[in-house]
Structures are given as structure tokens and as C-alpha cells.
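Structure record follows, encoded as C-alpha cells.
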Amino acid sequence: MQTITNDAVAEKLEEIATLMRLAGMNDFKAIAFDRAARTIEALDVPVTDYIEEKNLTDIKGIGKSIAEDIYAFAETGRIPVLDDLHEKVPEGLIKWLSISGLGPKKIYKIHKELDITELEELKEKCKNGSVAGLPGMGKKSAEKILKSIDWMEQFSERCRLDEATEIAERLIEELKDLDGVQEISIAGSLRRQSETIGDVDILIAADESDASPIFDTFTGHESVVEVLGRGDTKSSVRTAEGRQVDLRIVKPEQYPAALMYFTGSKEHNVVMRQRARERGMTLNEYGIFKMTDDGNTDFDKPVSYESEADIYNKLELGFVPPELREDRGEFKWFEDNEEAPLLEESDIRGVLHAHSMYSDGRKTIREMAEACMERGYEYLGLTDHSKTAAYAGGLSVEAVQKQWEEIDALNNEFEKEGKNFRIFKGIESDILPDGSLDYPEEILEGFDFVIGSVHASLEMEPEKMLERYRRAIENPHCRIIGHPTGRLLLRRDGSKVDLNKLIEIAAENNTAIEINASPWRLDLDWRFGQKAAKTGLMSAICPDAHSIEGIDDIRYGVSIARKGWYTADRILNTKSADDLMKWFKNGN
Ligand code: DGT
Ligand code: CA
Ligand code: CA
Ligand code: ZN
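Quick look at the structure:
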């Protein structure tokens, strides 16, 4: 038997459900697989315990036939139903799943009615009106599909920050202890913590004679499916995820300059080179050199330096943290300052914006709270969805009241046990199209804080959207605005609300705007950080966690906040629990 994880089993079951829908099979079967997947994922013991005892059917929601599928998977790594489904479902349709807004059932319908399987055919049928003519579709749906395909094609060249991070960390783990590796770092847009990443860049300092076996390990890594190029100083590969990774190996004495150069951004490098020239030097990926009288690089006259920071110092600058290297004000600041007082992950004292099983989260309130405690946080601001978000299990008034009782009981228990931890009663209230919040006044009053989020009618006229937000912000119960544009990176453009104006309105009313830390969102965009600072806007790093792992997305939120020049004092969840409650009540 192979060792398999709960997640691996859940993933297979989910795949079966999706393929069943793509094959046009009866939905109740697919639903059973979906439910089984969620059940396995939420198990708090290894599923292998059940597999060994052959008692999977003891788990509620796992019937005999699904149990057999899981045993087969554990024994052979394969599931016969899944293999059959793969035979049955045209390969082309699976690609359509990446088109945002197009689910497997709709895909099956289009495929069956129009007898097409390829993306190009789908595009054509959207353009010539065939898709619009299908029952239940219409012109708007066809246009939406076209737009989503456009997005997909435009951005498949890039990936999210979390995907790139995982790839890079996996490779670095493998490379860092190899013989001859003196230093190793991520470079490029990943080191700058951009919200999407083209290729992953890794840099190593090693003697020339050690390079070859290091490249061997890199190109031979189990996650590598294709070697795109291999030279003496650089190799490029494609990983199983379809991402390109560049590894460069430079001589130890060149490492700091190379690290600076390959971290970029290009715009930042341009200014750095210019600063070098103004000081009679040239800067390139090999180092800093004196210039000859005729303005050429004098490679015989290297300017000595020991570190990346040293290079900045030579150019009369403080060390610029990688996140800030975008030529957006860093030169001005670091001419006068050794460092910028940026937010650090360790400043974050509590978790705001998390979902439980009351709405669409995967864990109980207790499980979420305990996970926060384990991570050293002092509070959890629980915010399930509000009643209008029916698709996400939004809470009825009765459910809200039940949740409050549960939170009170948990808080009492924590206090009795002397735990320094509190759960705040929050809600992620939909901001309805007219700007009102989702509950009557007497319920809103009972929350410790309300996050107001737009989840529907995102395509509203920008002016109307701003008014919608204004009304929500002027409601004294609304203390934080959630994911202000609603974008899903590489998937869906957000609403076109004027963020500069939104920030002004929020700041005037002492309402915060979250930095949604989910790597799908990273919304508020970091480019608005300086505007936020000017207006005195408060923000919060909000993981929008739907699971325990989701809490750890805080790291991405912190990166984006740093990239937006946020200091700890402008982030709500750096406050103590008491101070935060005060801020929610009084706004200071
Ligand atoms: P990406 O991969 O599109 O997310 O963005 P980067 O910034 O990682 O770009 P990449 O991988 O093409 O190059 C890595 C760094 O190398 C880049 O940030 C700056 C430096 N670099 C590469 N090519 C050039 C260039 O032609 N001129 C300058 N000044 N720097 C370059
Ligand atoms: Ca790159
Ligand atoms: Ca690159
Ligand atoms: Zn939301």
C-alpha cells in the first residue's frame, strides 16, 4: 500500500466529480463524490487509518462504492472509474475548465449541443452566435466566455505568488545543502514579492568547478519535466506545473552584484546604473567598476563591496528591501534614510477575516481559534458570510445568534483556562447593490465589527459603485471594507471602482480597507499604498481564511503591505485585542 494523504484522496474524488459532470452524468452521483471529498479533507485523522482497517464506510458520507474507489487508489494508485472517465471525456474539454465562470455542467451542454471540444472552436462559436443561441445562454454569456478566454490566454504566462513560492522553496530546499553552494537566494519578481510571477529566478554563489553537479541536481529534480536550456552559468527548466525556473550560478565575489541585478526590477536597475555613472562608476551584474576616462568600464578596477547592502551604500543609499525596488519613491527615501520602518510578519498579533463551517469555511470555530493560538496569535475576528450570500452559506439571523452563543462559550472557556486569546464576533456582510448592509440594525449592533464586501453586481458603473461603497462606509457599523475590487488574479478583473476616491472616502470616515492576503486576491493592490499613507487610511492584513492553511496566507498579505510601504501602525491587526476593540468602537 502507498502512503497517501487525505488531500490526495480528496483531490481524486473531486476530479471524479468534475469529470462526471463533464461527461453529462447524473448530478447526484457527482454531488456524492464532492461531499466525500470534503469529508475526507476535513478528517482530523489520517485517512490511511480507515484504509488499513477497511472501515471507511464508518465515516458519514462515505458509501460502499466510494470506499472501494479509495481502497483501489491506496492499493494501486489508480481508480477504475476515474480511468474510464478519462477515456470518455474529450481532453479539450478539460482545458475549458480554466475558463472562469464556465462550470463543468455548462461545458458539457455546449459540447453536446454544438459538438465541439477545442478551445478555438469554442471561441468561434461564441463569436458567430451559436453559443448565444443555446437555451439558457444568450449574448451576454457568450461575451463573458470570450472575455474569460482572453484573460486566460493573456495570463497563462504568469502564475500566482503562492504557486511560485512553493516551486521555489521546493527547489531551494534541494539545492541549498549541495557541495559547493556558498549562498543561495530567490531573485526576480518573486524576491520582490510581485502579485503575479512570470518565471522563477534562483541565484547561487559557487566556484566554477562546483557548478556542473549543482546544475545536474537542478535539471534532474523530480518536479522538472523539461530542460529548456543548459549552459555554464545558467540553466532553465519547466516544472510539472508548467512554470519556468531559471537558475544562475555566479562566482562568490560576483554574487551581491548579481543578486541585485537579477532581483530587478528593470526600472530600479536603470536608476541604479545611472547613479553609478553619476559617481564615475559602472554597475552591472558582475560588480561595480571604476570608469575609464573615455567613459568605459574599467574591469581592472573593481570597487570592492561585501554585500548587496554595501552596493547600495556605495551609491549613497540605504539598503532597499527587495519589495520596494520598483522605482516608486525608494530612491528619494533611501537617500536620507538607512531603512524604512516597514511592517513585519511578527508585528501581526491577530487574525481578522476568517470563515467557519457556519458559512463556507471548512473548520469549526474552535478549530480555527486553536489554529490561531498555535500560531501565536492573540485573537480571531471571525467573519462568516452574511445572509444574501446564499451560495456561500450566508448566515440567517438565527444562525448569527447561535454563533454568538458559541463564541461567548468559547471565550469563557479560554478565559477560565487562562489563555490569552479572544474571538471577536464579526461578519463579512455583503454590501447590497444600494449600499446597505445585510442585517437589520439590531443585529448589526451585536457584532464586534463588520467587514463590508461587494460580492455581486461587480460590473456596476464605476460612479454607481463608488456611491454604493460610500453608503456602506458611512454606515457606522462597517469598520473594514473587504477586497475592494473583487479581482481574482489571472482570472477575473475586479470592479472598476476608483480606488483613489474609495481610499479618500474610507479614510475620511475612519473605516479601514483590508489588504486581502489570499494570493488569489491581494486586494487592495500595493500600488495604492502610498495614496493610503497620504490619507491616513488604516488597513488590516486579512487572510480571508476558509481553512487552517488559509491563515498562513497572512505572509502574502504582509509582503504586499510592505510593497505598498505600510508601517505597522497603519495595520489594525498589529494592535492588541483591547486596542483593536477600542478602534472598532471609537475609531482611534
Ligand atoms: P517576471 O519573471 O516577468 O515575473 O519578472 P522578473 O522581474 O523576474 O523578470 P525576469 O525574470 O525577466 O528577469 C529577472 C531580473 O533580471 C529582472 O527583474 C531584472 C533583471 N533583468 C533581466 N533582463 C534585464 C534587462 O534587459 N535589463 C535590465 N536592466 N535588467 C534585466
Ligand atoms: Ca522572473
Ligand atoms: Ca528569468
Ligand atoms: Zn469576500
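Counting in my numbering, the final residue of the sequence shown is number 1119, and the numbers go up one at a time with none missing.
Yeah, the Cβ is synthetic: ideal placement off N, Cα and C, and Gly gets one too.
Self-check item: Distance between Ile879 and Asp738 (C-alpha atoms, nearest Å)
Solution: Within the sequence shown, residue 738 is the residue found at index 207, counting from 1. Within the sequence shown, residue 879 is the residue found at index 348, counting from 1. Using only the alpha carbons, I get a separation of about 41 Å.
Quiz prompt | Reference Glu697, options Glu684, Asp730, Lys675, closest by Cα | solution = Indexing the sequence shown from 1 puts residue 697 at position 166. Among Glu684, Asp730, Lys675, the Cα nearest to that of Glu697 belongs to Asp730.
Practice problem: Indicate whether Met899 and Phe952 have their beta-carbon atoms separated by less than 8 Å. | Solution: Here residue 899 refers to the residue found at position 368 when the sequence shown is read from its first residue. Here residue 952 refers to the residue found at position 421 when the sequence shown is read from its first residue. No; because the gap between Cβ atoms is not below 8 Å, this pair is not in contact.
Quiz prompt | Cross-strand partners of Val758 (DSSP beta bridge) | solution = Locating residue 758 in the sequence shown gives position 227, where the first residue counts as 1. According to DSSP, Val758 bridges with Val768.
Quiz item: Measuring from the CB of Ser743, is there a heavy atom of ligand 2 at a distance below 7 Å?
Solution: Residue mapping note: residue 743 aligns to position 212 of the sequence shown, counting from 1. No; taking the cut-off as 7 Å, the Cβ of Ser743 has no heavy atom of ligand 2 nearer than that.
Quiz item: Ile638 to Ser725, Cα distance in whole Å?
Solution: The count along the sequence shown starts at 1 and reaches residue 638 at position 107. The count along the sequence shown starts at 1 and reaches residue 725 at position 194. Approximately 33 Å, taken between the alpha carbons.
Quiz prompt | Secondary structure, alpha helix (DSSP H): runs of 4+ residues fully inside the stretch 975 to 1017 | solution = 993 to 1005
Exercise. Would you list the one or two residues that DSSP bridges to Val834?
Key: If you number the sequence shown from 1, residue 834 lands on position 303. Val834 pairs with Ile819.
Quiz item: Going by beta carbon distance, what residues of the same chain come within less than 8 Å of Lys675, once the five residues before and after it are set aside?
Solution: Numbered from 1 along the sequence shown, position 144 holds the residue referred to as residue 675. Same-chain partners within the cutoff: Gly632.
Exercise. Assign Thr696 to one of three DSSP states: helix, strand, or coil.
Key: For the purposes of this step, residue 696 is taken as residue 165 along the sequence shown, with counting starting at 1. Helix, per DSSP.
Quiz item: In three-state terms, what does DSSP make of Thr579?
Solution: As a position in the sequence shown, residue 579 is number 48, starting the count at 1. Correct three-state label for Thr579: helix.
Practice problem: Decide yes or no for the touch test of the stretch 711 to 727 against the stretch 746 to 765: beta carbon pairs closer than 8 Å, at least 3 of them. | Solution: no
Exercise. Have a look at the DSSP bridge pairing and note the partners of Cys1073.
Key: Residue numbering aside, residue 1073 sits at position 542 when the sequence shown is read from its first letter. The partner list for Cys1073 (beta bridge, DSSP) reads Asn1047.
Practice problem: Taking 6 Å as the limit, tell me which residues put their C-beta closer than that to any heavy atom of ligand 2, in chain order. | Solution: Gly719, Ser720, Gly729, Asp730, Asp732
Quiz prompt | Segment contact, 8 Å Cβ cut-off, at least three pairs: the stretch 909 to 923 with the stretch 885 to 898 | solution = yes
Quiz item: Are the stretch 1040 to 1053 and the stretch 1073 to 1087 touching by the rule of at least three beta carbon pairs closer than 8 Å?
Solution: yes
Self-check item: Tyr1097: first and last residue of the uninterrupted alpha helix (DSSP H) it sits in
Solution: The residue given as residue 1097 occupies position 566 in the sequence shown. That residue, Tyr1097, is in no alpha helix (DSSP H); it is neither H nor E in DSSP.
Practice problem: Check the DSSP bridge columns for Phe559 and list the partner residues they point to. | Solution: The residue labelled residue 559 in the question sits at position 28 within the sequence shown. Bridge partners of Phe559: none, in fact.
Quiz item: What does DSSP give as the partner residues of Leu814 in its beta bridges?
Solution: Looking up residue 814 in the sequence shown gives position 283. In DSSP, Leu814 forms a bridge with Ile819.
Exercise. Note the first and the last residue of the continuous beta strand (DSSP E) segment covering Phe955.
Key: One-based indexing of the sequence shown puts residue 955 at position 424. Segment 953 to 961, the beta strand (DSSP E) holding Phe955.
Practice problem: Compute the minimum distance between the beta carbon of Asp915 and the heavy atoms of ligand 3, and state whether it is under 7 Å. | Solution: Mapped onto the sequence shown, residue 915 falls at position 384. Incorrect: Asp915 has no Cβ contact closer than 7 Å to ligand 3.
Practice problem: Along the alpha helix (DSSP H) that carries Ile625, what are the first and last residues, could you check? | Solution: Residue numbering aside, residue 625 sits at position 94 when the sequence shown is read from its first letter. Counting along the chain, the alpha helix (DSSP H) containing Ile625 begins and ends at 622 to 627.
Exercise. List the whole-angstrom C-beta distance separating Leu1068 from Ala1038, where the pair is believed to meet the contact cut-off of C-beta under 8 Å.
Key: On the sequence shown, residue 1068 is found 537 positions in, with the first residue counted as 1. On the sequence shown, residue 1038 is found 507 positions in, with the first residue counted as 1. The pair is a contact, with the Cβ atoms about 4 Å apart (cut-off 8 Å).
Quiz item: Considering only residues of the same chain and omitting the five flanking positions on each side of Ala840, which have a CB-CB separation below 7 Å?
Solution: One-based indexing of the sequence shown puts residue 840 at position 309. The answer, listed in chain order, is Phe850.
Quiz prompt | Short Cβ contact (8 Å threshold) for Arg691 with Leu1021 | solution = Looking up residue 691 in the sequence shown gives position 160. Looking up residue 1021 in the sequence shown gives position 490. Yes. Within cutoff.
Self-check item: Ile780 vs Ile728 beta-carbon contact at 8 Å
Solution: Residue numbering aside, residue 780 sits at position 249 when the sequence shown is read from its first letter. Residue numbering aside, residue 728 sits at position 197 when the sequence shown is read from its first letter. Contact flag unset, no.
Self-check item: Selected residue, minimal CA-CA separation from Val540, among Gly555, Met683, Ile582
Solution: Stepping through the sequence shown from its first residue, residue 540 is reached at position 9. For Val540, the nearest C-alpha among the options comes from Ile582.
Quiz item: Applying the criterion that 16 or more other CB atoms from any shown protein chain within 10 Å of the CB defines a buried residue, is Asp1109 buried or exposed?
Solution: In the sequence shown, residue 1109 corresponds to position 578, counting from 1. Result: exposed.
Quiz prompt | Whole-angstrom C-beta distance between Lys1094 and Leu926, which should lie under 8 Å | solution = For the purposes of this step, residue 926 is taken as the residue at position 395 of the sequence shown. For the purposes of this step, residue 1094 is taken as the residue at position 563 of the sequence shown. That belief does not hold up - the Cβ atoms of Leu926 and Lys1094 are roughly 34 Å apart, past 8 Å.
Quiz prompt | Rounded C-alpha distance that separates Phe980 from Ser960 | solution = Working through the sequence shown from its first residue, we reach residue 980 at position 449. Working through the sequence shown from its first residue, we reach residue 960 at position 429. Rounded to whole angstroms, Phe980 to Ser960 spans 10 Å at the Cα level.
Quiz item: Taking the C-alpha atoms as reference points, what is the distance between Gly760 and Phe862?
Solution: Taking the sequence shown and counting its residues from 1, the one referred to as residue 760 is at position 229. Taking the sequence shown and counting its residues from 1, the one referred to as residue 862 is at position 331. Rounded to the nearest angstrom, the two C-alpha atoms are 36 Å apart.
Exercise. Tell whether a beta-carbon distance below 8 Å holds between Ile1034 and Lys995.
Key: Numbered from 1 along the sequence shown, position 503 holds the residue referred to as residue 1034. Numbered from 1 along the sequence shown, position 464 holds the residue referred to as residue 995. No, the pair does not count as a contact, with Cβ atoms beyond the cut-off.
Quiz item: Is it right to say Ile562 is buried, meaning 16 or more other beta carbons lie within 10 angstroms of its own, or is it exposed?
Solution: Looking up residue 562 in the sequence shown gives position 31. Classification of Ile562: exposed, given that the 10 Å Cβ count is below 16.
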